[in-house]
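Enquirer: Those letters in the sequence shown? Residues -26 to -1, 1 to 281, by mature numbering (1 follows the signal peptide of the UniProt record, and there is no 0).
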Amino acid sequence: MKKFMLSCVAVLAVITIAGCSNSTVATTKGGKVTQEDLYESMKETAGPAALQKLILKDVLEENYGKDVTDKKINAEFDKQKKSYGEQFDTLLKQANLTEKSYKDTIRMNLLVEAAVKANTKFTDDDYKKAWEDWTPKMTAQHILVADEAAAKDLIAKINAGEDFDTLAKENSLDTGSKEDGGKLPEFDATTGYDPAFVAAAAKLKDGEVTAEPVQGQNGYHIIKMIKNPEKGNMKDHKKELETAMLDAKLKDNEYIQSVLAKLVKKADVKIKDEDLKDVMDSYTGKSSDKKESTTKKESTDKKESTK
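1. Measure the C-alpha to C-alpha separation of T258 and L224 and round it to an integer number of angstroms.
2. Determine whether the beta carbon atoms of A89 and L237 lie at a separation below 8 angstroms.
3. With DSSP run on the structure shown, which of helix, strand or coil describes Y257?
4. Can you give the Cα-Cα distance for A(-1) and D11, rounded to whole angstroms?
5. For G193, count neighbouring Cβ atoms within 10 angstroms of its own Cβ and tell me buried if that reaches 16, exposed if not.
6. List the DSSP bridge partners of K6.
7. Measure the beta-carbon distance from K143 to E153 and round it to whole angstroms, keeping in mind my assumption that it falls under 8 angstroms.
8. Report yes if the CB atom of E160 is closer than 8 angstroms to the CB atom of M82, and no otherwise.
9. Does the distance from the C-beta atom of T109 to that of D162 stay below 8 angstroms?
10. Straight-line CA distance for T8 to S15?
11. In chain order, which continuous runs of the beta strand (DSSP E) of length 3 or greater are located wholly inside the segment 129 to 208?
12. Report the start-end ranges of each beta strand (DSSP E) in the segment 56 to 133 that is 3 residues or longer and not cut off at the edges.
13. Which same chain residues, not among the five before or five after K212, have their C-beta less than 8 angstroms away from its C-beta?
14. Which residue marks the beginning of the alpha helix (DSSP H) containing G21, and which one marks its end?
15. List the endpoints of the continuous alpha helix (DSSP H) containing L250.
16. Short check: CB of L84 to CB of E50, under 8 angstroms?
17. Would you report the Cα separation of L158 and T(-3), rounded to the nearest angstrom?
18. Answer with buried or exposed for E60, where buried requires no fewer than 16 other C-beta atoms within 10 angstroms of its C-beta.
19. With distance defined between alpha-carbon atoms, name the residue in P187, E73, V253 nearest to Q54.
20. Suppose contacts are defined by Cβ-Cβ distances below 8 angstroms. Is G156 in contact with Q115 by that definition?
21. Under the three-state reduction of DSSP, which class applies to I230: helix, strand or coil?
22. Should E87 be labelled buried (16 or more other beta-carbon atoms within 10 Å of its own) or exposed?
23. Report all residues from its chain with a CB closer than 8 angstroms to the CB of L128; omit the five preceding and five following residues, and keep chain order.
24. Within the continuous alpha helix (DSSP H) that includes K223, where are the two ends?
25. Rounded to whole angstroms, what is the Cα-Cα separation between N93 and L215?
26. Looking at M254 and Q68, is the spacing between their C-beta atoms short of 8 angstroms?
27. Evaluate N202 with the Cβ neighbour count: other Cβ atoms within 10 Å of its Cβ, from every protein chain shown; 16 or more gives buried, anything less gives exposed.
28. Using the C-alpha atoms, what's the distance from N227 back to N133?
29. Does DSSP put A49 in a helix, in a strand, or in coil?
30. Taking D121 as the reference, which of I80, N207, L147, K131 has the closest Cα?
31. I'd like to know whether the C-beta atoms of M199 and G181 end up nearer to each other than 8 angstroms.
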């Protein structure tokens, strides 16, 4: 996020400087730095990557700009702000971002999301495979401790009738949930929770507690199920399945690259600066063509030399 925003700022500066006369930016006893000097230096360092991102933004805006409204951007901004709480402003400052520049980043992310959605179609087989892996959203409580022995001791206390909420407040290492008795927001296999945790929770019935500690990435969990809905029929959950499959595509950088490449090829991109003319080759496929051409030439030259 930070890298993208700083690159955009840098390339905008490059473009602005390039349009100016060759006037002096700074002087020293040893000479002067002109705008042309600064332009050439910035072009070499920030130019290629930043120009690539600006071109992608233009292509995405042309195709999907109308789908990304201020309402959507503000909703995502508010969601992120709420998620990070009091740390939000500090994190923005650490990343050298303002609220406006962060919203610009959100806009770019939503444009990419819109592009992926518009260019992705799922088959019946895709839905069937997704259904096999899908779980409905569950609600549960948990207690997280560092070692297995402590977890087993807590399970024994719960089975003996001690209150789960109280034990969570007194013992859980999860500071985000312990004060609420270990209660977690709704989750499923796509939420990002520890896979071992989700798999163990999915086997529980309402009110049931795990008989054995569940080893996760950060320690041992004792899980109590609050609500574990029946899976039901696939046709009743096609929207959720589509969302899950799209989320997976949006995490697949190679797939996103392929979608963007298709859009760039249709956009008839022309770069006027000879030094930057190759920046979109990874999207247009020209770099592969050049490599193949070079390989063929080297092979031909080698054959000629052996005659």
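Even glycine gets a Cβ: it sits at the ideal position worked out from N, Cα and C.
Expert: The structure says:
1. To locate residue 258, count along the sequence shown from 1; it is residue 284. To locate residue 224, count along the sequence shown from 1; it is residue 250. Rounded to the nearest angstrom, the two C-alpha atoms are 21 angstroms apart.
2. Taking the sequence shown and counting its residues from 1, the one referred to as residue 89 is at position 115. Taking the sequence shown and counting its residues from 1, the one referred to as residue 237 is at position 263. Yes, they are a contact pair.
3. Here residue 257 corresponds to residue number 283 of the sequence shown, with the count starting at 1. It is helical.
4. The count along the sequence shown starts at 1 and reaches residue -1 at position 26. The count along the sequence shown starts at 1 and reaches residue 11 at position 37. Each residue's alpha carbon lies about 11 angstroms from the other.
5. Indexing the sequence shown from 1 puts residue 193 at position 219. Looking at its Cβ environment, which holds 16 or more other Cβ atoms inside 10 Å, G193 is buried.
6. Against the sequence shown, residue 6 aligns to sequence position 32. According to DSSP, K6 bridges with T1.
7. Position 169 of the sequence shown, counting from 1, holds the residue named residue 143. Position 179 of the sequence shown, counting from 1, holds the residue named residue 153. Going by Cβ atoms, the distance from K143 to E153 rounds to 6 angstroms, so yes, they are a contact pair.
8. Looking up residue 160 in the sequence shown gives position 186. Looking up residue 82 in the sequence shown gives position 108. No, they are not a contact pair.
9. Taking the first residue of the sequence shown as position 1, residue 109 is located at position 135. Taking the first residue of the sequence shown as position 1, residue 162 is located at position 188. Yes, the Cβ-Cβ distance between T109 and D162 is below 8 angstroms.
10. Stepping through the sequence shown from its first residue, residue 8 is reached at position 34. Stepping through the sequence shown from its first residue, residue 15 is reached at position 41. Computed Cα separation, rounded: 11 angstroms.
11. 194 to 201
12. 113 to 119
13. Sequence index remark: in the sequence shown, residue 212 carries index 238 (1-based). Y101, listed in sequence order.
14. What you label residue 21 is simply residue 47 of the sequence shown in a count that begins at 1. That run of the alpha helix (DSSP H) goes 21 to 38.
15. Here residue 250 corresponds to residue number 276 of the sequence shown, with the count starting at 1. Taken as a continuous stretch (DSSP letters only), L250 belongs to no alpha helix (DSSP H), as it is neither H nor E.
16. Within the sequence shown, the letter at position 110 stands for residue 84. Within the sequence shown, the letter at position 76 stands for residue 50. In contact: L84 and E50 (Cβ atoms closer than 8 angstroms).
17. Within the sequence shown, residue 158 is the residue found at index 184, counting from 1. Within the sequence shown, residue -3 is the residue found at index 24, counting from 1. If you take the alpha carbons of L158 and T(-3), they lie about 60 angstroms apart.
18. The residue you call residue 60 lines up with position 86 of the sequence shown. Exposed, by the Cβ-count rule.
19. Locating residue 54 in the sequence shown gives position 80, counting from the first residue. Of P187, E73, V253, the residue nearest in Cα terms is E73.
20. For this step, residue 156 is matched to residue 182 along the sequence shown. For this step, residue 115 is matched to residue 141 along the sequence shown. Going by C-beta atoms, G156 is nearer than 8 angstroms to Q115.
21. For the purposes of this step, residue 230 is taken as the residue at position 256 of the sequence shown. Helix, per DSSP.
22. Here the question's residue 87 lines up with position 113 in the sequence shown. With 16 or more other Cβ atoms within 10 Å, it is buried.
23. Numbered from its first residue, the sequence shown carries residue 128 at position 154. For L128, where only same-chain residues beyond five positions count, the Cβ hits under 8 angstroms are I117, V119, L141, N145, I196.
24. Along the sequence shown, one-based indexing puts residue 223 at 249. Unbroken alpha helix (DSSP H) run through K223: 212 to 224.
25. For the purposes of this step, residue 93 is taken as the residue at position 119 of the sequence shown. For the purposes of this step, residue 215 is taken as the residue at position 241 of the sequence shown. Answer to the nearest angstrom: the Cα atoms are 17 angstroms apart.
26. Counting from one through the sequence shown, the residue named residue 68 turns up at place 94. Counting from one through the sequence shown, the residue named residue 254 turns up at place 280. In this structure, M254 does not lie closer than 8 angstroms to Q68 by Cβ.
27. In the sequence shown, residue 202 corresponds to position 228, counting from 1. That one is buried.
28. Residue mapping note: residue 133 aligns to position 159 of the sequence shown, counting from 1. Residue mapping note: residue 227 aligns to position 253 of the sequence shown, counting from 1. Taking the straight line from one Cα to the other gives about 46 angstroms.
29. In the sequence shown, residue 49 corresponds to position 75, counting from 1. Helix at A49.
30. In the sequence shown, the residue the question calls residue 121 occupies position 147. Here the closest residue by C-alpha is L147.
31. Working through the sequence shown from its first residue, we reach residue 199 at position 225. Working through the sequence shown from its first residue, we reach residue 181 at position 207. Result yes, Cβ atoms of M199 and G181 sit closer than 8 angstroms.
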